[in-house]
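Student: Provided herewith is a single structure, encoded as structure tokens, for subsequent inquiry.
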Amino acid sequence: MILVQGGSRCQRACDAAPFLVDPEALSIRAVCVLGADELDDQVLAALRNRALEPGVPVVATGRFADHQGYLAARGRLAHAMGREPRVIDLTETQLRPLIAGAHTPLVAELAPRPRPLGPVPVVSVAPGPAELDDPLALARLSQLAHRADFGFRLIANYEQMDQIKASRHHDLPVLTFAELSPVTLAAGTDVFAAFGQGMPGERMPPDDEAAAQAAEAELRKFWNLEIIIDGGDIGLLGQAQAR
17 MILVQGGSRC QRACDAAPFL VDPEALSIRA VCVLGADELD DQVLAALRNR
67 ALEPGVPVVA TGRFADHQGY LAARGRLAHA MGREPRVIDL TETQLRPLIA
117 GAHTPLVAEL APRPRPLGPV PVVSVAPGPA ELDDPLALAR LSQLAHRADF
167 GFRLIANYEQ MDQIKASRHH DLPVLTFAEL SPVTLAAGTD VFAAFGQGMP
217 GERMPPDDEA AAQAAEAELR KFWNLEIIID GGDIGLLGQA QAR
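Converting from the sequence shown to my numbering requires adding 16 to each position, the first position being numbered 1.
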């Protein structure tokens, strides 16, 4: 049983209920009163005349200007129905109704939210000084850069950067070694791939295999970083992304 206070369209719809079903034949299991902040004598009399069974619970909702109005509505309902109602002040959870003048509360079904997807891993590639001479090298790198399952950035020297900017693949995300400190590079990279012989710059692993392995071990100790050091050409990247 739902009683609506006020002259809204919902009130008129409820007025049609006696023509659809016999109210006396209904077995009322619960009562919900909407608009309890504007109770009038007609509604209170209707509640009193129902002569509800002692175990029927009563819940009322309303928007009360202050705590005194809340207590007054609760007392009037308790007096009319002979039981203590549960009164919910909608302003505690929703300061303003979604629709002006609406008496119905905002309700929603609680459902588990899927865990948001975490950030995709970032792959940083450092080509050797001659790796971009291959006519297909930039095309292969561009294919990697447009993959949705991982992020991509290219770490190059200034000559390579000028070469990239002058090519049709000028939109490749490229940085120079001078723009990033080793700490910043490692913190923002999940997989670091270095290709070619004679890598430029003192920050890159030297050609000596033992020294390169030692440098890799030190990086793994402090960063959760996958490192690939390859003496071959950058064509391996195209084969890897094809798989």
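Each residue gets a CB set at the ideal place from its N, CA and C atoms; glycine is no exception. Quantities reported herein were computed from a predicted structural model and do not represent experimental measurements.
(1) For the segment 62-80 against the segment 90-108, are there 3 or more C-beta pairs whose distance is under 8 Å?
(2) Which residue comes first and which comes last in the beta strand (DSSP E) that contains residue 158?
(3) Using a Cβ-Cβ cutoff of less than 8 Å, which residues in the same chain neighbour residue 137 once the five nearest sequence positions on both sides are dropped?
(4) I'd like the list of long-range same chain contacts for residue 45, defined as Cβ closer than 8 Å, with 5 residues on each side in sequence excluded.
(5) Please look up how many angstroms separate the CB atoms of residue 303 and residue 37, rounded, as I've assumed it's under 8 Å.
(6) Assuming residue 148 contacts residue 188 under a Cβ cut-off of 8 Å, what Cβ separation, rounded to an integer in Å, is found between them?
(7) CA-CA distance, residue 182 and residue 210?
(8) Just verifying my parser: in three-state terms, what is the DSSP assignment at residue 56?
(9) With DSSP run on the structure shown, which of helix, strand or coil describes residue 218?
(10) Could you give the uninterrupted runs of the beta strand (DSSP E) lying entirely in the segment 186-210, keeping only those of 3 residues or more?
(11) Thinking C-alpha only, which one of 55, 68, 60, 202 is nearest residue 139?
(12) Taking the beta carbon of residue 91 as the centre, do at least 16 other beta carbons fall within 10 Å, making it buried, or is it exposed?
Tutor: By the coordinates alone:
(1) yes
(2) Here residue 158 belongs to no beta strand (DSSP E); instead the alpha helix (DSSP H) covers 153-161.
(3) 166, 167, 206, 207
(4) 72
(5) Examination of residue 303 is not possible in this model, given that the chain is present from 17 through 259 alone.
(6) That pair is no contact at about 11 Å.
(7) 23 Å
(8) coil
(9) Low confidence applies here, because residue 218 scores a pLDDT of 47, under 50, leaving its location unreliable and the question unanswered by this model.
(10) 190-192
(11) 202
(12) exposed
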